[in-house]
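When you read off a place in the sequence shown, starting at 1, and then add 1, the result is the number in the numbering used here.
Virtual Cβ for every residue (Gly too), placed ideally from N, Cα, C.
Let me begin by presenting the structure, written as structure tokens, before commenting on it.
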Amino acid sequence: MKHIAVFTSGGDSPGMNACIRAVVRTALHAGIEKVSGIYRGYQGMIENDFMDMNAGSVSNIIQTGGTILRSARSDAFRTPEGRRQAYENLKAKGIEGIVAIGGDGTFTGANIFMKEYPDLAIVGCPGTIDNDLYGTDYTIGYDTAINTAMAAIDNIKDTANAHGRLFFVEVMGRDAGFIALMSGLATGAEDILVPEFPTDMDKLVKDLEDGFTNKKNSSIVVVAEGDDVGGAFHVAAEVKKRLVTPVEIKVTVLGHVQRGGRPTCMERVRASRMGMEAVNALLAGKRGVMIGEVNHEISFTPFEQAIKHNFEIDPGIMEMIRVLA
Ligand code: F6P
């Protein structure tokens, strides 16, 4: 293999840069002659937005959030014409292998692309703060995002306690509740609402009432944005209607603050490892698989399985919330 390309796609996540760096440096170390970076994911592939990369182009990025290759969600790539254009651009450049860094949308696209053009060799690295890919214990960006959310909720707890208020804090996670679960557990939240389970409003109100009856001065409820009630503002409004204790209610939406920032130590290490293994996988002839880390070992999961969302929240974690809240 003489020429490979790397791109980032979908929602950016901290650690993507560490992964790009590892892909470029591993490829050059292995004797691959040319590495191209594709800007703005599939959109840049269609628009021929490529750049040559060398060891120096990935200097001083391991510690930065975002992605130097930028990212996009491409409508054009959803069309057969868009994918044909992307394929022709790759072929014209002589690209023989591709590392795609992204989440389920990225691998859904890669899967369709490889079915249409079976000579393409694509492997993936899981890049999303949501941790919602099957076949890996951690996605790149998740550890940083939960630490960012935890730090923000810690700050909110200080002021919540000072004023004796009830706070609903909304964290990211349209389809997956992992950020809510971990940040809520780590901050001692009274309740954690996730998309995976329907919210029991009666129980939530009762738990909060019991807390105030037992002289809790303040309370925090962490709500994933994809919760079935409709996010923290809706949950807060519902609770306000029903709560008997006269407590002041506030809502904070953390939003995209969770997507940026300096990656944590383990994020950088895992992203580097996955980037390196992605290139090794391409060289070993693997195609259509996502690199992951399961029980500290590197794993390879076909795109089709990785995007199926057939993972479940560990019942042990739900029990911890019930006992410790
Ligand atoms: O997939 C990662 C994620 O951050 C989700 O948690 C969130 O719902 C979504 O992306 C937000 O996407 P955008 O930045 O396009 O609004």
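- In this structure, A73 is the residue among P81, E89 and A73 with its C-alpha nearest to the C-alpha of A101.
- What you get when you keep residues with a C-beta closer than 6 Å to any heavy atom of the ligand F6P is G12, G104, T129, I130, D131, M173, G174, R175, E226 and R260.
- Nearest to Y135 by alpha-carbon distance, out of K158, G104, Y118 and D159, is G104.
- Per DSSP, the beta bridge partners of C126 are I102.
- Judged by DSSP secondary structure, T246 falls outside any alpha helix (DSSP H); it is assigned neither H nor E.
- Its chain contains I180, M183 and S184 as the residues whose beta carbon lies nearer than 7 Å to that of I147, once the 5 sequence neighbours on both sides are disregarded; these appear in chain order.
- Looking only at P15, P81 and N156, the smallest Cα-Cα distance to G67 is reached by P15.
- Contact between V224 and A238 is absent: CB atoms are separated by about 12 Å, not below the 8 Å threshold.
- Taking a contact as a CB-CB distance under 8 Å, the pair A19 and S273 counts as one, their CB atoms being some 5 Å apart.
- Residue state for V195 is assigned as coil, using DSSP reduced to three classes.
- Residue environment: C126 is assigned as buried (16 or more neighbouring CB atoms within 10 Å of its CB, all protein chains considered).
- Within the same chain, and ignoring the five residues on either side of Y118 in sequence, the residues whose Cβ sits closer than 7 Å to its Cβ are Y88.
- In this structure, T200 sits near D229, with a CB-CB distance shorter than 8 Å.
- A distance below 8 Å between beta-carbons, with the five flanking residues on each side excluded, links P196 to the following residues of its chain, in chain order: G174, R175, D176, A177, G178, A225, G227, D228 and D229.
- Per DSSP, F213 lies in no beta strand (DSSP E); the unbroken alpha helix (DSSP H) holding it starts and ends at M202 to T214.
- Under DSSP, V222 shares a beta bridge with F169 and D192.
- V245 and D211 have their alpha carbons spaced roughly 11 Å apart.
- Annotation for T188: M151, I154, D155, K158 and I221 place their beta carbon closer than 7 Å to its own, counting only its chain and skipping 5 residues before and after.
- G57 sits in a helix when the DSSP states are folded into three classes.
- Secondary structure note for I147: its alpha helix (DSSP H) is the uninterrupted segment Y143 to H164.
- The C-alpha of V172 is placed about 23 Å away from the C-alpha of K309.
- According to the DSSP assignment, M291 belongs to the beta strand (DSSP E) that extends over V290 to V295.
- Remark: C-beta atoms of L70 and F108 do not approach each other more closely than 8 Å.
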